[in-house]
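Reading through the structure tokens given below for one structure.
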DNA sequence: TATTCGCTGGGCAATGTGCTCAGTGGTATG
DNA sequence: CATACCACTGAGCACATTGCCCAGCGAATA
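Protein chains in written order, with the numbering used here: chain A, 1 to 174; chain B, 175 to 348.
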């Protein structure tokens, strides 16, 4: 999937997002064209979806986050999805196995405002029941780097010794 | 919190992340320095946390996503948090109100692999029970733009008519 | 009225970008 | 074994962008 150099590119990019290709090539000890090519490949692979700004809902005035588990009336799934997509406070929606049918992440301006949001969310015919859990703390914010490092490490071991020699040239660790 | 111009900056940045400040200023019809200043302010405000690459776990070889609700033994919260932070497959962790005590997002290489991940997650003393919901579909991937637009619109209405005249040129308020 | 603040529009040197090229060493294919 | 292919290197080039400076302007504020 991705090799060790790819991993280092991603990690570096995650740490200093506004870094340029040239500076990256210097840090990684490879040629500029190589970094360029890796980046292009990672993006066309879909490994890197984009570089959108990470916006903090709290700073936007929505400090309350909650997760709602929804039970859907049979056959209404598509309508419910479309409905939820129109609610800006619904940041994310998944269909799941288990007791609930859908799980969505909500934000609101306050606990009181959350009531309004939930009313809007469940105020739709196909939704039978909703159970909500308000987020108090977020000890591990959404992260990907540990997984990238694990994937890169796995690649290193998979391609293993065969790469070692080339490795010392193309993939020097920092 | 943010005004209309801030909103446009964020939306534009979300749509074309690799765009430069100069090109932005052209698109938005304002001076380069203005965009520069707005961006700096948004970042120091914490509205924009960063521009980290968005990595797709599926493309990394982790196509299975799940949400686990954990029940924690009283007083073991801190230990559990520390434990979960060491598991790369734990992408996110929240403490919540409601029947569970924590909610975490997991990824795995397969359904079978998910078992391994869950075993690792719950294989820790402080965790009493875990209930897992596997994600089937993701009709609304994590998004923020609708919320940004709503916040920007709210600002526009809040500062309202008073700003109208200036608006067409400077797009001010805060 | 004087001050402050945000925005404009311009100019400047330094830097980075997109692009191209030849050369090299591994790896697969015939 | 020879060949083609692929990824990487290192270099060069024209061009655009950046970071930084400035003076001027209008509106809000004291």
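Don't be surprised by glycine CBs; every beta carbon is placed ideally from N, CA and C. Remember, it's a predicted structure, so these values are computed and weren't measured experimentally.
Residues of chain A with CB under 9 Å from residue i, in chain order?
i, result
"residue 312 of chain B", "92, 93, 94, 95"
"residue 281 of chain B", "147"
"residue 255 of chain B", "137, 139, 140"
"residue 175 of chain B", "59, 60, 61"
Determine the chain A residues that contact residue i at a beta-carbon separation under 8 Å, and present them in chain order.
i, result
"residue 192 of chain B", "51"
"residue 317 of chain B", "91, 92"
Could you work out which residues of chain B lie near residue i, taking near to mean beta carbons separated by less than 9 Å?
i, result
"residue 236 of chain A", "Here chain A covers residues 1 to 174 and nothing more, so residue 236 of chain A does not appear."
"residue 89 of chain A", "320, 321, 324"
"residue 75 of chain A", "Those within 9 Å of residue 75 of chain A in chain B number zero; the least Cβ separation is about 15 Å."
Quick check on residue i: buried or exposed, where buried means 16 or more other Cβ atoms within 10 Å of its Cβ?
i, result
"residue 315 of chain B", "exposed"
"residue 105 of chain A", "buried"
"residue 196 of chain B", "exposed"
"residue 306 of chain B", "buried"
"residue 348 of chain B", "Unreliable positioning characterises residue 348 of chain B in this predicted model, as indicated by a pLDDT of 27, which lies under 50. The coordinate reading is nonetheless provided below. The residue is exposed, with fewer than 16 neighbouring Cβ atoms inside 10 Å."
"residue 152 of chain A", "buried"
"residue 181 of chain B", "buried"
"residue 158 of chain A", "exposed"
"residue 116 of chain A", "exposed"
"residue 38 of chain A", "buried"
"residue 302 of chain B", "exposed"
"residue 61 of chain A", "buried"
"residue 220 of chain B", "exposed"
"residue 293 of chain B", "exposed"
"residue 3 of chain A", "buried"
"residue 123 of chain A", "exposed"
"residue 299 of chain B", "exposed"
"residue 100 of chain A", "buried"
Please compile the residues from chain B whose C-beta is within a distance smaller than 7 Å of the C-beta of residue i.
i, result
"residue 64 of chain A", "Going along chain B, no residue has its Cβ under 7 Å from residue 64 of chain A, so there is no contact; the nearest lies around 11 Å."
"residue 29 of chain A", "Ordered by position in chain B, no residue passes the 7 Å Cβ test against residue 29 of chain A, which lies about 20 Å from the chain."
Assuming the contact rule is C-beta atoms closer than 8 Å, residue i and residue j should be a hit. Round their C-beta distance to whole Å, please.
i, j, result
"residue 66 of chain A", "residue 103 of chain A", "Rounded, the Cβ-Cβ distance is 11 Å, inconsistent with contact."
"residue 223 of chain B", "residue 56 of chain A", "5 Å"
"residue 191 of chain B", "residue 225 of chain B", "7 Å"
"residue 202 of chain B", "residue 183 of chain B", "7 Å"
"residue 329 of chain B", "residue 175 of chain B", "7 Å"
"residue 285 of chain B", "residue 238 of chain B", "6 Å"
Can you pull the chain B neighbours of residue i, defined as C-beta to C-beta under 8 Å?
i, result
"residue 100 of chain A", "307"
"residue 85 of chain A", "313, 314"
Could you work out which residues of chain A lie near residue i, taking near to mean beta carbons separated by less than 7 Å?
i, result
"residue 277 of chain B", "67, 133"
"residue 184 of chain B", "53, 55"
Give a single yes or no on whether residue i has its beta carbon closer than 6 Å to a heavy atom of the ligand ZN.
i, result
"residue 120 of chain A", "In the structure shown, the ligand ZN is absent, as is every other ligand, since no ligand is present at all."
Requested in this report: Mind checking the segment 207-225 of chain B against chain A and listing, in chain order, the residues whose C-beta falls within less than 7 Å of any C-beta there?
Outcome: When CB distances to chain A are screened at a threshold of 7 Å, the residues of the segment 207-225 of chain B falling below it are 219, 220, 221, 222, 223, 224, 225, in chain order.
**Report entry** Against chain B: residues of the segment 116-138 of chain A by CB proximity under 9 Å
**Finding:** Interface annotation for the segment 116-138 of chain A against chain B: 131, 132, 133, 134, 135, 136, 137, 138, criterion Cβ-Cβ distance under 9 Å.
Query - Cβ pair count under 8 Å reaching 3, the segment 69-76 of chain A against the segment 18-34 of chain A - result: No: the two stretches stay apart, fewer than three of their Cβ pairs being nearer than 8 Å.
Query raised in the report: Hey, is the segment 80-100 of chain A in contact with the segment 256-272 of chain B, meaning 3+ C-beta pairs nearer than 8 Å?
Result: Contact fails between the segment 80-100 of chain A and the segment 256-272 of chain B, because fewer than three Cβ pairs, one in each stretch, are under 8 Å apart.
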